[in-house]
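>
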Amino acid sequence: MQFILALKKASLNEELTSDTIEKIWNPPSHADPINDPGMCFSISTYLALENASQLAYNCVCQAARTIFSGSGMNNILTFHSVEKLIASYTGVISVEHDMCCNTCIAFTSPFSQLNACPICNMSRWKEERLQGTHGRSKIAAQMFMTILISLQLQALYWNKDSANDMDYLHQGGLKCWYSQLIMVSSYLSDMNWIMVYKA
Ligand SMILES: [Zn+2]
Numbered sequence: 001m002q003f004i005l006a007l008k009k010a011s012l013n014e015e016l017t018s019d020t021i022e023k024i025w026n027p028p029s030h031a032d033p034i035n036d037p038g039m040c041f042s043i044s045t046y047l048a049l050e051n052a053s054q055l056a057y058n059c060v061c062q063a064a065r066t067i068f069s070g071s072g073m074n075n076i077l078t079f080h081s082v083e084k085l086i087a088s089y090t091g092v093i094s095v096e097h098d099m100c101c102n103t104c105i106a107f108t109s110p111f112s113q114l115n116a117c118p119i120c121n122m123s124r125w126k127e128e129r130l131q132g133t134h135g136r137s138k139i140a141a142q143m144f145m146t147i148l149i150s151l152q153l154q155a156l157y158w159n160k161d162s163a164n165d166m167d168y169l170h171q172g173g174l175k176c177w178y179s180q181l182i183m184v185s186s187y188l189s190d191m192n193w194i195m196v197y198k199a
């Protein structure tokens with residue numbers, strides 16, 4: 001019942017920062033091309049190593065810095081910097097919440113004030129850190145990341161080909177249905193899905 005009531009009164013303001021809400025309501029309509037060779041290399045490497053570790057990205061970039069030293073490709077980015085660049089360029093960002101390290105629940109909505117999982121009783125916090133600081137430092141044992149679908153859809157609309165792909169059902173006269181699906185998906189993903197995840 002608590003979840004039903006929370007869903008009824010859910011709003012963007014509860015879960016998202018004002019900066020994120022601003023991006024949802026006023027998405028950029030285009031993105032200037034990135035021409036810097038180092039940045040282009042960093043983005044390409046980051047995307048190519050999608051399933052590899054952060055260490056793999058750093059090793060490839062370090063090798064490239066050595067090999068291409070003096071060639072004009074000076075601006076090869078760190079892992080953290082390339083993630084920030086991509087997020088800023090596309091407008092697609094993630095929202096993080098604490099979660100049970102056994103993946104039972106996310107500590108949101110009715111669970112947001114709990115210190116332990118109501119299902120498996122695992123602590124929400126890194127206990128070693130918590131004990132070592134006499135309860136002062138509460139660091140989540142695990143985080144759950146949501147990549148907001150509305151920002152992904154908005155980014156896809158920048159590009160003519162991906163925008164056409166997303167509107168393909170219009171060819172069959174189902175645009176109304178598809179538009180509604182996007183609206184509902186966006187709403188649920190941005191606000192409620194975070195809350196009901198594994199609940
Ligand atoms: Zn649990």
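Taken in order, the sequence shown gives residues 1 to 199; the numbers are from our numbering. No residue lacks a Cβ here, since even glycine has one placed at the ideal position from N, Cα and C.
(1) Is Met122 near ligand 1, judged by its Cβ being under 6 Å from some heavy atom?
(2) With a threshold of 6 Å (Cβ to nearest heavy atom), would Asn102 be considered close to ligand 1?
(3) Taking contact to mean at least 3 C-beta pairs separated by less than 8 Å, is the segment 30-39 in contact with the segment 69-80?
(4) Using the C-alpha atoms, what's the distance from Ala52 back to Met143?
(5) For Asp32, does the three-state DSSP call read helix, strand or coil?
(6) Residues bridged to Glu96 by DSSP?
(7) So, with DSSP's three-state summary, where would you put Ala140?
(8) Assign Ser123 to one of three DSSP states: helix, strand, or coil.
(9) On the CB-based measure, 16 or more other CB atoms within 10 Å of its CB, does Tyr151 come out buried or exposed?
(10) Evaluate the contact criterion for the segment 81-89 versus the segment 9-27: three or more CB pairs, one atom per stretch, below 8 Å.
(11) Who are the Cβ neighbours of Gln2 in its own chain at under 8 Å, not counting the five residues just before and after it?
(12) Taking 6 Å as the cut-off, does the CB of Cys61 come closer than this to any heavy atom belonging to ligand 1?
Inspection of the coordinates gives the following:
(1) Yes; taking the cut-off as 6 Å, the Cβ of Met122 has a heavy atom of ligand 1 nearer than that.
(2) yes
(3) yes
(4) 19 Å
(5) coil
(6) Met145
(7) strand
(8) strand
(9) Looking at the sequence provided, one finds Leu at residue 151 rather than Tyr. With 16 or more other Cβ atoms within 10 Å, it is buried.
(10) no
(11) Ser109 and Pro110
(12) no
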